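What follows is a set of notes on a single structure, which appears directly below.
Numbering (my numbering), first residue to last: 6 to 378.
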């Protein structure tokens with residue numbers, strides 16, 4: 006098998022064109038990100054409630070999370086001193102700017118940002134570098150799902166900051182966790198939660214991906230730079246990787262496949278939920294923040310909404326969360342799973358989580374994805 010081309014983002018060169026997707030609340034932290042970076046990919050730490058293990062998390066979630074960003078980055082660097090390590094930061098996060106600035110000051114090589122349009126990301130990154138008195142080296146990448154969203158970001162960054170993205174991540178409807186599509190969008194793409202594989206209008210969406218690639222190239226040409234485009238969602242095997250590259254993508258972002266690795270930060274119970282999941286167990290559910298999300302059906306999802314919910318404590322996680330109408334607290338649900346109480350929590354996953362048959366190492370997964378097995 007031939008060796009795939011490296012993924013080049015400015016002066017950052019990853020041996021393999023594989024970015025490990027950010028998985029929030031304790032699933033992709035320093036252990037997984039460091040292992041992926043060491044294996045030649047790009048390791049990503051999720052900042053979503055990253056400090057949930059800190060003793061003051063309940064009382065001071067923002068301070069705990071910001072502190073944990075530095076701690077996790079330090080540990081990941083110890084695993085992969087020469088590797089490429091970044092953060093996934095959701096735009097929907099309360100105090101978003103604080104998270105971005107802390108990640109830059111912690112030495113992030115890359116910030117990938119979605120769950121909303123990161124319109125002010127260049128400004129926050131530049132301010133952080135100036136405050137720290139260091140040269141601006143952190144690369145920035147928006148997550149988009151449509152040509153329209155890619156156009157909005159590129160136009161706005163061009164007009165307001167006179168710059169273009171360093172990388173663009175295109176997240177499709179087969180991704181895990183929160184999706185960048187409304188329920189109506191998913192219906193239009195034929196995504197049926199009971200039969201995703203045969204109902205998803207793949208060819209239709211792939212034309213959208215090609216449109217995003219063409220748009221990004223226009224902005225790359227304008228700024229005399231190569232802006233790689235990486236696709237995400239439903240990528241599990243080497244064949245999946247090769248298909249994405251055949252569409253014109255420069256690389257892939259993979260999350261679900263890395264959950265069932267020894268190095269993944271998730272607890273054993275979380276990994277076992279993937280190993281035991283059947284195709285019909287993977288469903289699209291409504292998140293408390295109003296976005297569709299893909300998760301494994303479990304006792305929590307089956308019973309949520311059966312009894313009136315009363316919020317006992319707010320963890321200040323998301324900007325657009327209506328405490329009076331949410332069916333459950335998403336932080337509490339995700340922390341439960343991250344602490345091993347998966348039957349009482351939300352287990353986010355990608356559309357192909359049911360393919361997980363055994364535990365692997367990150368090195369084994371990487372070799373399989375790039376065709377070196």
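Quick reminder that beta carbons are idealized off the backbone N, C-alpha and C, glycines included.
Since the structure is predicted, the reported quantities are computational estimates derived from the model, not experimental observations.
For residue 258, the uninterrupted beta strand (DSSP E) run begins and ends at 256-259, by DSSP. It is roughly 14 Å from the alpha-carbon of residue 251 to the alpha-carbon of residue 210. Residue burial annotation: residue 21 is buried, with at least 16 other C-beta atoms found within 10 angstroms of its C-beta. Judged by DSSP secondary structure, residue 176 falls within the beta strand (DSSP E) whose first and last residues are 173-176.
Taking the Cα positions, residue 114 is about 14 Å away from residue 51.
By the C-beta criterion, the region 231-250 is judged to be in contact with the region 164-181, since at least 3 inter-stretch pairs fall below 8 Å. DSSP places residue 378 in the coil class of the three-state scheme, outside both helix and strand. Residue 98 and residue 65 have their alpha carbons spaced roughly 15 Å apart. Counting other Cβ atoms within 10 Å of its Cβ, residue 43 reaches 16 or more and is therefore classed as buried. In the DSSP assignment, residue 353 forms a beta bridge with 300.
Within the same chain, Cβ atoms closer than 7 Å to the Cβ of residue 378 are found at 372, the five residues on either side in sequence being excluded.
Contact annotation: residue 96 and residue 118 have beta-carbon atoms nearer than 9 Å. Cβ contact annotation for residue 241 (same chain, cutoff 6 Å, sequence separation greater than five): 262, 357, 360, in chain order. Taking the CA atoms as reference points, residue 116 sits about 19 Å from residue 156.
Leaving aside the five residues that flank residue 105 on each side, the residues in its chain whose CB is nearer than 8 Å to its CB run, in chain order, 94, 116, 118, 126, 129, 130, 133. As computed with DSSP, residue 12 is found in a beta bridge with 19. Under the DSSP assignment, residue 118 falls outside any alpha helix (DSSP H), being part of the beta strand (DSSP E) whose first and last residues are 115-118. Note that the region 31-50 touches the region 254-268; at least 3 beta-carbon pairs, one per stretch, sit closer than 8 Å. With distances taken between CA atoms, residue 317 lies nearest to 332 out of 364, 298, 332. A direct Cα-Cα distance of roughly 37 Å separates residue 376 from residue 57.
Looking at the DSSP output, residue 234 bridges to 173.
The Cβ atoms of residue 339 and residue 306 lie no closer than 9 Å to each other. Assignment of residue 146 by DSSP, reduced to helix, strand and coil, places it in the strand class.
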